[in-house]
Amino acid sequence: MRKECRPLVIVVLGALLMGSAGEARPPQTRALWVDYDFKDIPEPKVRPGGFYTEFFQSEFSGSWQRSTDIPRLVRSITGKPEQASNVNAWDEVPDSSWFTNRHALRPMNVDELARGPNRGAPPDFSQATITKTKHGGVTPGLQITDRNGQAYLIKFDHRDYPELQSGAEVISTKILFAAGYNVPENYIAIVDPDRLEIAAGLEVGQGSSRRPFTRQDLSLMLDSAARRPDGTYRVLASRILSGKPKGPFSFTGMRGDDPNDWIPHERRRELRGLRVIASWINHWDIKEDNTLDMYVEEGGRRFLRHYLLDFGCTLGGSDRPTDAYHGREYAFDQGNILKEIVTLGIYQTPAEQKTSVVDPSVGLFSADDFDPGSWIPSFHTAPFADMTREDAFWATRIVLSFSEADLRAIVDTAEYSDPDAGNFIFLTLLRRQRMLAAYWLGRVNPIAYFAVEPRADGVSVTFVDLMARLNGGSAEYRYVLTAADRSCGVNPESFVTTGASRVPLGTCVAGETCIHISTHSGPATRPVTVCVRDRGGGNYRIERIERL
Amino acid sequence: MLRDWVWGFLAVLAAISFFPGWLRAQQMEIPPLPGGAAGTIDPASAPRIVEGPPGHYGLKRNLHPAAWAGAAISPLLKLFEKVVPVDTFRKPRLAKPPRESGVKFGVGGQGSGTGIGPVVQPFHNNLFGSGAGIEVPLSLTYKVYEAFGVRTGISLWRGPNSDGLSAIGLGAYASRPSDNFFGIGNDTSSSDEAHFRTVTRSVAGALEGRLAARWTVRLEEGYRSLGITKPRESPSIARIFPGQDIPGETEGATMLATTAYIGRNTRDRPVLPASGGLQRVAVSLNEGLAGGDFSYWRYRGEIQQFVPVSADRRNVLIVRAGLESTQAKGGSVVPFYDLPTVGGYATLRGFDSRRFTDNSALAVSFDYRYRIWPYIDWGLFADFAQVAPQIGDFALKAFHAGYGARVIGRSQAAQAVSLDIAFSRERRWVLYLQFNPGF
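As they're listed, the protein sequences go chains A and B.
Note that this note's numbering has the first sequence beginning at 8, numbered continuously upward.
Note that this note's numbering has the second sequence beginning at 8, numbered continuously upward.
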């Protein structure tokens with residue numbers, strides 16, 4: 008080796024050995040329900056987006072970096088992947104500028120679920136003005152100001168697929184909001200083109216081809232849109248977010264100009280677990296361009312709030328029915344491309360497989376071919392690749408928090424003109440929910456929702472076996488207590504097998520008592536450790552829950 | 008169908024007991040939803056879930072060669088973002104209104120080995136409100152091959168199904184600094200590579216009829232002035248073939264040509280067709296007006312057939328065959344530059360352009376093209392071609408063969424670029440770059 012090359016090689020090898028990730032996270036003991044990343048910060052610059060840059064990052068340099076991250080590979084092989092960083096003592100994600108615990112932990116009633124993120128009055132387009140035209144994305148759109156002066160981005164359904172995209176976007180918006188994510192207010196609204204005015208000076212086109220936007224342009228745009236019999240148009244109206252847009256957030260690393268951003272995004276559990284929720288609603292179009300950081304002012308402080316956007320490409324929709332490969336193949340799937348090349352095109356990728364559109368307003372949404380474990384978005388997404396079974400379990404609990412009535416209420420807000428379309432979406436969501444739960448619960452110790460139950464005969468810890476609930480059966484549990492006070496009538500440090508989802512701790516708990524519970528209903532999984540402390544006066548509280 | 012689905016699901020649902028919205032943790036002291044930005048607690052002193060940003064995180068990431076590659080290519084990608092927005096490759100949802108006039112821009116070449124360059128084409132489809140159209144294609148490659156033309160047309164009669172009769176006027180100027188000539192015959196040596204330069208000016212008038220949107224019939228009368236000058240690349244023909252009587256080698260000619268053409272086009276699209284075919288035949292009588300005793304017939308026939316192998320037309324088998332022959336009229340000759348040739352992208356990949364020249368030429372190509380990604384096709388091909396003094400002299404053993412593979416990038420907006428890599432006994436590897444390939 009030439010001498011001058013040695014430092015470079017050492018740096019490269021060092022980088023590979025250190026990896027892009029960091030050290031494994033120790034079990035979290037912080038009893039926090041709010042991660043206070045709302046500190047007042049100077050206004051950040053707009054982070055530039057861009058399809059090509061993101062594509063290169065996600066499909067090439069990012070994949071390369073991750074596939075050569077030796078510590079990550081070693082952890083993966085040894086079954087000790089790096090856990091999420093923002094997990095509290097109860098194995099939950101605290102509220103932050105990224106995520107707010109909603110339906111899964113703070114139950115929302117059906118009215119709240121149906122309202123979703125929407126606040127205030129719905130848009131009133133009885134008199135409206137077009138102020139901008141939208142060029143990007145798969146759907147033509149307009150920014151218009153309604154009678155009350157509120158700005159909305161409106162998107163039209165394709166004329167051959169009425170209600171497809173708008174329906175999907177409204178449903179997914181409400182599901183993701185209830186799950187805990189920041190999403191825009193999205194409404195189904197009716198627009199009468201005769202009542203639309205064009206703002207003075209509005210132009211269309213780019214560069215030298217810019218020219219005034221005219222009624223003819225509007226007519227051309229509406230030519231491809233789904234028109235109602237009365238000449239009006241059903242649209243998806245997305246209320247313009249408050250604050251200043253600062254560009255999309257990255258799915259890896261941290262934002263350099265955000266002093267609140269302490270956690271690499273690929274280590275955020277809410278972004279990792281989003282894979283499970285996205286698979287449920289087939290949100291294959293997750294990418295940086297469909298996220299947005301908004302510089303907001305709340306409570307007298309200015310900081311970045313992080314949004315997910317654009318859910319038109321969910322369920323079975325897009326501007327047209329989604330392609331069959333979405334959710335099953337990457338947009339640039341190097342493995343499948345290689346298979347195609349060497350088999351002279353005989354290998355049939357998911358993109359080539361035959362599917363049929365259920366209904367124009369439903370698109371291509373099905374549970375028949377849904378495989379929760381192999382579901383992938385169209386672009387490599389680092390947090391999804393780093394998702395651990397624990398992250399998936401967390402997300403599965405969120406998915407399972409939606410009852411039939413909840414989902415029915417949410418689907419109804421899509422206002423499908425054909426009730427069968429709504430029924431189909433509702434039932435497919437239910438089927439996918441069940442399939443998804445069966446898959447991910449089978450990979451962890453599926454007990455959760457621990458509670459301390461003081462009884463006359465002593466204190467007990469109760470829990471729910473989600474897998475047993477899912478299958479309508481029972482299971483057997485094996486537990487052992489540690490650090491319990493021997494004088495309280497409990498025999499610690501010896502294993503007990505029981506069929507009940509209840510662990511008696513005895514008549515008193517001195518200090519901290521931990522229970523290690525294993526489940527024998529499925530494949531061997533790690534025991535869950537639940538630690539309880541008496542805070543005095545019989546006030547028992549769960550101190551922490553460990554799944555590692 | 009939808010109703011069947013719904014009832015089927017309802018039956019499944021009835022058979023299972025499902026989750027109510029039930030399970031909530033009660034003992035973890037979950038606080039109520041924070042109002043505004045996490046309530047009234049001062050975040051400046053409030054705890055975080057982590058102690059701080061991970062140590063050396065950025066350093067570790069940035070030391071990786073992938074980060075360097077990303078940093079190096081980033082400016083290029085950003086520039087690309089501005090110049091060719093991603094929407095360019097998407098199928099436009101909104102049909103653009105047809106423009107009456109404007110300028111089309113593109114990139115292209117003028118045959119194998121000519122290089123690529125910009126193509127600019129001003130057009131007007133309704134000159135002075137008369138319904139007459141005009142196009143002025145201008146092409147210049149980086150190897151300074153020039154082609155400027157003008158095409159005017161006016162509809163004389165228009166029927167249903169795109170039928171019609173048009174009168175067409177054509178004018179063209181072309182300057183080709185260097186074309187190949189290896190001698191005449193099927194066994195010429197590649198070491199005898201010589202070059203010549205042509206400058207051509209032509210005008211023509213034609214009557215063109217379109218029938219049933221697929222058939223085209225044309226009768227054309229054209230005047231062409233062609234000059235032979237010193238090539239940009241040496242050696243010249245005179246140096247490689249001294250003393251040989253090669254018709255037209257030393258001077259150009261002025262020709263009058265009468266051409267009859269009939270063609271049938273059933274291809275599903277002009278760029279990378281997946282089905283249908285193209286059949287065309289042309290016969291022309293060429294009479295020299297000045298510069299030599301040139302008088303000859305030229306016959307051309309071509310067949311292209313695109314056979315989809317899969318129902319979704321992702322895999323396509325392509326067969327192309329072309330036959331061309333010239334026949335001198337009693338005692339006259341055919342200038343060498345008008346003799347049929349094979350070699351190059353269109354006829355015989357893996358060989359130089361115009362590699363073999365004679366009075367007759369035959370070329371047969373087999374391509375198998377298959378989609379490996381929505382935007383990329385892969386392909387394999389085999390080209391076979393030969394030349395001979397007469398059509399009856401063609402022999403199976405006389406075929407020259409070129410083989411290779413190709414990769415084609417395509418957009419949803421019907422634009423494509425292909426890169427073919429061909430191998431033959433003469434050239435180890437030859438690369439061909441083609442914009443909007445026709446096969």
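C-beta atoms are modelled at their ideal positions from N, C-alpha and C, and glycine is treated no differently.
All figures in this text were calculated on a predicted structure; none of them were measured in a lab.
Taking the alpha carbon of Asn297(A) as the point to measure from, which residue in Arg241(A), Asn343(A), Trp287(A), Cys320(A) has its own alpha carbon closest?
For this step, residue 297(A) is matched to residue 290 along the first sequence. For the set Arg241(A), Asn343(A), Trp287(A), Cys320(A), the Cα lying nearest the Cα of Asn297(A) is the one of Cys320(A).
Does the structure place the segment 150–163 of chain B close enough to the segment 173–182 of chain B that three or more beta carbon pairs sit under 8 Å?
Result yes; three or more Cβ-Cβ pairs closer than 8 Å.
Helix, strand or coil: which one does DSSP assign to Trp304(B)?
The residue labelled residue 304(B) in the question sits at position 297 within the second sequence. Three-state DSSP puts Trp304(B) in a strand.
Please confirm whether Gly280(A) and Asp398(A) have their CB atoms less than 7 Å apart.
On the first sequence, position 273 is the one that residue 280(A) refers to. On the first sequence, position 391 is the one that residue 398(A) refers to. In this structure, Gly280(A) places its C-beta atom within 7 Å of the C-beta atom of Asp398(A).
Straight-line gap, Ile379(B) to Val424(B) (C-alpha atoms, nearest Å)
Locating residue 379(B) in the second sequence gives position 372, counting from the first residue. Locating residue 424(B) in the second sequence gives position 417, counting from the first residue. One C-alpha to the other measures close to 15 Å.
Leaving out the 5 sequence neighbours to the left and right, which residues in its chain are closer than 8 Å to Gln150(A) when beta-carbon positions are compared?
Counting from one through the first sequence, the residue named residue 150(A) turns up at place 143. So the list reads Ile137, Thr138, Lys139, Thr140, Lys141, Ala158, Tyr159, Leu160, Ile161, Ile247, once near-sequence residues are dropped.
Since Ile549(A) contacts Val539(A) with CB under 8 Å, what's their CB separation in whole angstroms?
Walking along the first sequence from the start, residue 549(A) turns up at place 542. Walking along the first sequence from the start, residue 539(A) turns up at place 532. Indeed they touch by this definition, with Cβ atoms about 6 Å apart.
Tell me which same chain residues have a C-beta within less than 6 Å of the C-beta of Phe442(B), skipping the five on either side of it?
On the second sequence, residue 442(B) is found 435 positions in, with the first residue counted as 1. If you ignore the 5 residues before and after Phe442(B), its C-beta comes within less than 6 Å of the C-beta of Val114, Gly115, Val424, all in its own chain and listed in chain order.
Amino acids of chain B, ordered along the chain, whose beta-carbon sits closer than 9 Å to that of Glu359(A):
Numbered from its first residue, the first sequence carries residue 359(A) at position 352. Those are Ser317, Asp319, Arg321, Arg378, listed as they occur along chain B.
In the segment 112–133 of chain B, which residues sit with their C-beta less than 9 Å from some C-beta in chain A, listed in chain order?
If the cut-off is 9 Å between Cβ atoms, the segment 112–133 of chain B has nothing near chain A.
Residues of chain A with CB under 8 Å from Tyr64(B), in chain order?
Along the second sequence, one-based indexing puts residue 64(B) at 57. Counting only Cβ-Cβ distances below 8 Å, Tyr64(B) has contacts in chain A at Gly29, Gly260, Met261, Pro271, in chain order.
List, in order along the chain, the chain C residues whose C-beta lies closer than 7 Å to that of Ala53(B)?
Protein chains in the displayed structure are A and B, and chain C is not among them.
At a CB distance below 8 Å, what residues from the segment 79–91 of chain B approach chain A? Give them in sequence order.
Within the segment 79–91 of chain B, the residues whose Cβ lies closer than 8 Å to some Cβ of chain A are Ile80, Ser81, Leu84, Lys85, Phe87, Glu88, listed in chain order.
Could you check the C-alpha separation between Asn546(A) and Asn116(A) for me, to the nearest Å?
Residue numbering aside, residue 546(A) sits at position 539 when the first sequence is read from its first letter. Residue numbering aside, residue 116(A) sits at position 109 when the first sequence is read from its first letter. Cα to Cα, Asn546(A) sits roughly 29 Å from Asn116(A).
Can you give me the C-alpha to C-alpha distance between Arg221(B) and Val349(B), rounded to a whole angstrom?
Here the question's residue 221(B) lines up with position 214 in the second sequence. Here the question's residue 349(B) lines up with position 342 in the second sequence. When the Cα atoms are used, Arg221(B) and Val349(B) turn out to be separated by approximately 28 Å.
Is Trp436(B) close to chain A? Criterion is C-beta to C-beta, closer than 7 Å.
By 1-based counting over the second sequence, the position of residue 436(B) is 429. Judged by the 7 Å Cβ criterion, Trp436(B) is not in contact with chain A.
Quick one: what does DSSP say Phe406(B) is sitting in, helix, strand or coil?
As a working mapping, residue 406(B) is identified with position 399 in the second sequence. Taken through DSSP and simplified to helix, strand or coil, Phe406(B) comes out as coil.
So, under 8 Å CB-CB, Ser185(B) and Arg208(B) are touching, yes? Tell me the CB distance rounded to an integer number of Å.
In the second sequence, counting from the first residue as 1, residue 185(B) sits at position 178. In the second sequence, counting from the first residue as 1, residue 208(B) sits at position 201. That belief does not hold up - the Cβ atoms of Ser185(B) and Arg208(B) are roughly 19 Å apart, past 8 Å.
Select from the segment 416–430 of chain B all residues with a C-beta closer than 7 Å to any C-beta belonging to chain A, and list them in chain order.
Of all residues in the segment 416–430 of chain B, none has a C-beta nearer than 7 Å to a C-beta of chain A.
Three-state secondary structure (DSSP) of Thr140(A)
Here residue 140(A) is taken as the residue at index 133 of the first sequence, counted from 1. Thr140(A) falls in the strand class under three-state DSSP.
Thr259(A): which of Gly506(A), Gln72(A), Val468(A) sits nearest, CA to CA?
As a working mapping, residue 259(A) is identified with position 252 in the first sequence. Ranking the options by Cα distance to Thr259(A), first place goes to Gln72(A).
From which residue to which residue does the alpha helix (DSSP H) around Glu3(A) run?
Residue 3(A) is absent from the model: chain A starts at 8 and stops at 555.
Using a Cβ-Cβ cut-off of 7 Å (strictly less than) and excluding sequence neighbours within five positions of Ala358(A), which residues of its own chain qualify?
As a working mapping, residue 358(A) is identified with position 351 in the first sequence. Result list for Ala358(A): Asp330, Ala331, Tyr332, Glu336, in chain order.
Alpha-carbon spacing of Asp102(A) relative to Arg275(A), whole angstroms:
As a working note, residue 102(A) is residue 95 in the first sequence. As a working note, residue 275(A) is residue 268 in the first sequence. Those two C-alpha atoms are separated by around 12 Å.
Assess, as a yes-or-no matter, whether the segment 227–242 of chain B is touched by the segment 261–270 of chain B under the definition of 3 or more beta carbon pairs within less than 8 Å.
Three or more beta-carbon pairs drawn from the segment 261–270 of chain B and the segment 227–242 of chain B are found closer than 8 Å, and the two stretches are therefore classed as touching.
So what's Val535(A) in DSSP terms, helix, strand or just coil?
On the first sequence, position 528 is the one that residue 535(A) refers to. Three-state result, Val535(A): strand.
On the DSSP bridge list, what partners appear for Ala328(B)?
Working through the second sequence from its first residue, we reach residue 328(B) at position 321. DSSP links Ala328(B) through a beta bridge to Ile310(B), Val371(B).
Which class does Ala561(A) belong to by DSSP, given the choice of helix, strand or coil?
Beyond the ends of chain A as shown, which are 8 and 555, falls residue 561(A); an answer cannot be given.
Using the beta-carbon count (16 or more within 10 Å), is Pro328(A) buried or exposed?
Taking the first sequence and counting its residues from 1, one reaches residue 328(A) at position 321. When all chains shown are included, Pro328(A) counts as buried.
Provide the residue(s) that pair with Glu215(B) in DSSP beta bridges, ordered along the chain.
Locating residue 215(B) in the second sequence gives position 208, where the first residue counts as 1. DSSP, once it has assigned bridges, lists Ser173(B), Arg225(B) as partnering Glu215(B).
Name the one or two DSSP bridge partners that His333(A) has.
For the purposes of this step, residue 333(A) is taken as the residue at position 326 of the first sequence. In the DSSP assignment, His333(A) is bridged to no other residue.
Can you find at least 3 beta carbon pairs, one from the segment 163–182 of chain A and one from the segment 362–372 of chain A, that sit closer than 8 Å?
In short, these stretches touch, since the Cβ pair count reaches three.
Within 10 Å of its beta-carbon, does Ala63(B) have 16 or more other beta-carbons around it, so buried, or fewer, so exposed?
Residue 63(B) sits at position 56 when you count from the first residue of the second sequence. According to the sequence as given, residue 63(B) is His; it is not Ala. The residue is exposed, with fewer than 16 neighbouring Cβ atoms inside 10 Å.
Val341(B) versus Arg165(B) - alpha carbon distance:
Along the second sequence, one-based indexing puts residue 341(B) at 334. Along the second sequence, one-based indexing puts residue 165(B) at 158. Annotation: Val341(B) to Arg165(B) spans about 39 Å, alpha carbon to alpha carbon.
Same chain, Cβ closer than 8 Å to Ile383(B), neighbours up to 5 away in sequence not counted
To locate residue 383(B), count along the second sequence from 1; it is residue 376. The beta carbon of Ile383(B) sits closer than 8 Å to the beta carbons of Val414, Ile415, Gly416, Arg417 from its chain, once the five residues preceding and following it are set aside; these are given in chain order.
Gly352(A) bridges to which residues according to DSSP?
Start at 1 with the first residue of the first sequence, and residue 352(A) comes out as number 345. The secondary-structure analysis by DSSP pairs Gly352(A) with nothing; it has no beta-bridge partner.
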